[in-house]
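Protein chains: 2
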Amino acid sequence: MKELIKKIKSNQDLSTEAEEYLYSISEKKTFSRGEILIGQGQSVNKIYFVLNGCLRSYSIDKNGKEHTLQFGIKDWWISDYIGIHNNEPAILTIECLKESIVIEFNANKLNNIFTVFPEYEPFQRNLLERHVVTLHQRILNQLQLTAAERYDLFLKQYPDIELYTRNYHIASYLGITQESLSRIRVEKNKR
Amino acid sequence: MKELIKKIKSNQDLSTEAEEYLYSISEKKTFSRGEILIGQGQSVNKIYFVLNGCLRSYSIDKNGKEHTLQFGIKDWWISDYIGIHNNEPAILTIECLKESIVIEFNANKLNNIFTVFPEYEPFQRNLLERHVVTLHQRILNQLQLTAAERYDLFLKQYPDIELYTRNYHIASYLGITQESLSRIRVEKNKR
DNA sequence: GATAAAAATTGATGTATGGTAAGAAATTAT
DNA sequence: ATAATTTCTTACCATACATCAATTTTTATC
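Okay, structure coming up:
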């Protein structure tokens, strides 16, 4: 477990006490393919750090269609930040796509760490800044690239994700239907 | 100026020293419609806090088309966070849409505040968290709403923005052409 | 390994949005 | 106020992607 937390720490210095605190409020868990970690409509207070495997967060719209917001792979954090921030029921479902080991945090307790160990702040700030940059880039990609270009880029960003995702997971992340993605893949193979 | 910074402070407590530091590294500026604050391709090290008026950040794609990432209105921060984070030339242009008063920060100096005044951390964290939530919501809207629905939502979020934006500013934010937006508006008026 | 279930592909067709171009309207400059 | 410029609207046609349905392929289960 110690070494697992090291990954959370990244390159930041963190006191042993703060590290102990992280242990005390977290729980290492294993999930299998198909398991739901957070369900849309339920109350949310969990934040996950992925040690290995693959999770997916998605929203189900009024027509019952799924829209993937994020894939959670190794060393990524994943949760329903909208639900947590608004203090409302989850608007996302988080599902396990392949056998995964994660560290589960209680959101409130994790948020408490800043009052107890302010030294944790720079780490969190760095994390949030990177998150914002990633999201900005994603929005720009969505605005200016074609579906085929977005798919190419996606494969570069998640090189072996196709090993454990279904076509429609990726399609719903790219904002197209699975049929369209299928056609894009056919075209791509012709090239 | 004191009261201006109060807005930045929001509801957070901030020591007088930290406040003084913020003064010392910032500069209050006025821009007129059409002025470019940051130009795509140039180096970026500025971050703006909008006191009043309206700014817009956008990217120009390989076909010369503009794609609006963000509108910067009262009390919003705006910059090219991608360029700053990657330490690369700006990928965004920031333009002034109507006479605006802003506080201009040097990104590096602003970043320094955390070593000098760690008490500023919670404020920044809160800001970043809200930013992430906003972006998550925007991505979900883009994925699951029609252009007309996104336009309706946009008008609710920015009630009087049409007073100082052009049609194509909004269209490029919604991910459609100005012609399509025009048609959507016509349909909307029929309802 | 056989069977069932789920997912991917493919074809035919529909729809939303894009592209181009022209004219109308609104805004800005003189 | 008038002229010049920019923006908005509209029409027509093009295209990317969606929808629906049938078929093939892959994956899971017994």
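First to last, the protein sequences are chains V and X. Counting in the working numbering, the first sequence runs from 13 upward without gaps. Counting in the working numbering, the second sequence runs from 13 upward without gaps. Yeah, the Cβ is synthetic: ideal placement off N, Cα and C, and Gly gets one too. If you're wondering where the values come from, they're calculated on a predicted model, not measured in any experiment.
- request: Would you give the residue range spanned by the beta strand (DSSP E) that T42/X belongs to?
  value: S38 to F43
message: Comparing C-alpha positions only, which one of E131/V, L193/V, L147/V and V145/V sits nearest to T28/V?
response: E131/V
- request: Go ahead and pull the three-state DSSP assignment for L204/X.
  value: What the structure shows of chain X is the stretch from 13 to 203, and residue 204/X is not part of that stretch, so it cannot be assessed.
field: Pair within 7 Å by beta-carbon distance, H97/V and V145/X
entry: yes
query: Taking the alpha carbon of Y185/V as the point to measure from, which residue in K77/V, W89/V and G46/V has its own alpha carbon closest?
result: K77/V
- prompt: Below 7 Å between beta carbons: does that hold for N179/X and Q190/X?
  reply: yes
message: Along the chain, where does the alpha helix (DSSP H) containing N118/V start, and where does it finish?
response: Looking at the DSSP string, N118/V is not in any alpha helix (DSSP H); the run it does join, the beta strand (DSSP E), is T105 to N118.
message: Check whether chain X comes within 7 Å of D172/V, counting only Cβ atoms and requiring the distance to be less than that.
response: no
Proximity test, Cβ basis, 7 Å: I106/X and chain V: no
task: Determine the closest residue to I94/X out of L157/X, E47/X, Q52/X and L165/X, with distance taken between C-alpha atoms.
output: Q52/X
Whole-angstrom distance between Y35/X and Y70/V, CA atom to CA atom: 43 Å
field: Cβ shell of I37/V (< 7 Å), same chain only, five flanking positions each side left out
entry: F117, N118, K121 and L122
task: Have a look at Q82/V and H181/V and give me their C-alpha separation to the nearest angstrom.
output: 10 Å
field: DSSP beta-bridge partners of L67/X
entry: G84/X and C108/X
- request: Report yes if the C-beta distance between I92/V and L104/V is below 7 Å; otherwise report no.
  value: Sequence inspection shows Asp at residue 92/V; the Ile mentioned does not correspond to that position. Result yes, Cβ atoms of D92/V and L104/V sit closer than 7 Å.
message: Can you pull the chain X neighbours of F126/V, defined as C-beta to C-beta under 9 Å?
response: E133, P134 and R137
- request: Apply the 10 Å Cβ neighbour rule to R203/V and answer buried if 16 or more other Cβ atoms are within range, or exposed otherwise.
  value: exposed
task: Would you mind stating whether S55/X and P101/X have Cβ atoms separated by less than 7 Å?
output: yes
- request: Give the single residue among N75/X, D73/X, N99/X and I59/X whose Cα lies nearest to the Cα of G84/X.
  value: I59/X
field: Cross-strand partners of F135/X (DSSP beta bridge)
entry: F135/X pairs with nothing; no bridge assigned.
query: By the 10 Å Cβ neighbour count, where 16 or more other Cβ atoms means buried, how is L175/X classified, buried or exposed?
result: exposed
Exposure of T158/X, with buried meaning 16 or more beta-carbon neighbours within 10 Å: exposed
- prompt: In chain order, what residues of the same chain lie with their CB nearer than 7 Å to the CB of I188/X, ignoring the 5 residues before and after it?
  reply: A159
query: Out of curiosity, what's the CA-to-CA distance linking L26/X and S112/V?
result: 42 Å
field: Closest Cα partner of E107/V within the set E31/V, L139/V and T177/V
entry: T177/V
- prompt: Since Q54/X meets chain V, which of its residues come closer than 7 Å, beta carbon to beta carbon?
  reply: The contacting residues do not exist; Q54/X stays about 18 Å from chain V at best.
- prompt: Within the 7 Å Cβ cut-off, does H143/V reach chain X?
  reply: yes
- request: Go ahead and pull the three-state DSSP assignment for E78/X.
  value: strand
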